[in-house]
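Notes follow once the structure below has been shown.
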Amino acid sequence: MARIPYLDVDDLGEEDKELLKRPINLHRALVNSPGAARNFGHVGSYIRYGSKLDPRLRELAILQVGYLAKSDYEYSHHIKIGRDFGVSDDDIRAMITESEGRNSGLPRLDRTVLRAARE
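For any residue, its number in my numbering is found by taking its place in the sequence shown, counting from 1, and adding 6.
Shown next as structure tokens:
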């Protein structure tokens, strides 16, 4: 159960309705503070479209954070997204192995990104 209410488009003022173009639960919670939702959107857009980080590595980093935070929503959501960017089942198993402090055999760059995400 969500601790922050999920709002719908009808709950928002006209100037904020565009914030729920994608009415996923994350956005529905964020629009409780429209200003924060707008700024969060800018950060998310930069990470997805402006960053030079390879999309597969980005998704591995997000999966690492979701796994360590025990965030079922984030983790399961980004397993699906990660597959679109080349994250394999072997990559996911290796990420878990790295999380346990064992060498997974992943390439050095992958291990570096995962280590940074664990910081």
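Using N, Cα and C, we set each Cβ at its ideal position, and we do this for glycine too.
{"Query": "Thr103 vs Ser94 beta-carbon contact at 9 Å", "Result": "no"}
{"Query": "Buried or exposed (CB count within 10 angstroms, at least 16 for buried), Leu59", "Result": "exposed"}
{"Query": "Touching by the beta-carbon criterion (3+ pairs, under 8 Å), the stretch 38-50 and the stretch 83-101", "Result": "no"}
{"Query": "Cβ pair Val71, Ala35 closer than 9 Å", "Result": "no"}
{"Query": "Candidates Ile10, Gly107 and Arg121: closest to Ala67 by CA position", "Result": "Arg121"}
{"Query": "Pair within 9 Å by beta-carbon distance, Tyr73 and Tyr79", "Result": "no"}
{"Query": "Environment of Gly88 [buried if 16+ CB atoms lie within 10 Å]", "Result": "buried"}
{"Query": "Nearest-angstrom beta carbon gap, Asn31 and Tyr55 [assumed within contact, 8 Å]", "Result": "Not a contact, Cβ separation roughly 22 Å."}
{"Query": "Buried versus exposed, by CB contacts within 10 Å (16 or more), Ala75", "Result": "exposed"}
{"Query": "Contact set for Asn38: own chain, Cβ-Cβ below 8 Å, skip 5 residues either direction", "Result": "Ile10, Pro11 and Leu13"}
{"Query": "Straight-line gap, Ile85 to Arg62 (C-alpha atoms, nearest Å)", "Result": "11 Å"}
{"Query": "For Arg64 and Ser57, the rounded distance between their alpha carbons", "Result": "9 Å"}
{"Query": "Extent of the continuous alpha helix (DSSP H) to which Val71 belongs", "Result": "Pro61 to Leu74"}
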